[in-house]
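>
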Amino acid sequence: MITTELTYLTWISLFTALMWMPYTLNLISVRGLIAAVSYPADPKPLAPWAVRMKQAHANAIENLVVFGVLVLVAHSAGANNEATAVACAVYFWARCIHLLAYTFCVPWIRTASFVAGFGCQSTIAAQILMQGVLL
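Here the numbering used here runs 1413 ahead of the position in the sequence shown, where the first position is 1.
1) Output the distance between the C-alpha atoms of ILE1474 and THR1429, rounded to the nearest integer angstrom.
2) Please determine if the region 1444-1455 and the region 1420-1435 are in contact, where contact requires at least 3 C-beta pairs separated by less than 8 Å.
3) Would you mind reading off the limits of the alpha helix (DSSP H) that contains ALA1490?
4) For the alpha helix (DSSP H) containing PHE1527, list its first residue and its last residue.
5) Report yes if the CB atom of ALA1487 is closer than 7 Å to the CB atom of ILE1441, and no otherwise.
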């Protein structure tokens, strides 16, 4: 059965998988297609927003690993509940906001959205532990 948690895991995985496209288009527009797919000795730098988006993408991948494992453990153990469903929904939107805030230099929002995502991960972990799954 596809739960709310698995649905949001699918959406955030897809979102994360597509994050490379805008900064790669910038890479091609700045360096040209040939230089973009090769290893130039002195590559032209990306636009600052593209550098930040690439960093946000790396951060999203790192956090997706933790989020994904927690969602799958909660699902497998039957620890899904309203708290995990809400945590997954909030996590999805927090990570969307994080990408935009990181890319466009909105420091307080970037940090708040990162912390919100961590809080969602912690909520799911707590539900698993309270279920007694790991005890």
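Just so you know, even glycine gets a beta-carbon here, dropped at the ideal spot from N, CA and C.
So, from the data block:
1) 7 Å
2) no
3) 1461-1490
4) 1520-1543
5) no
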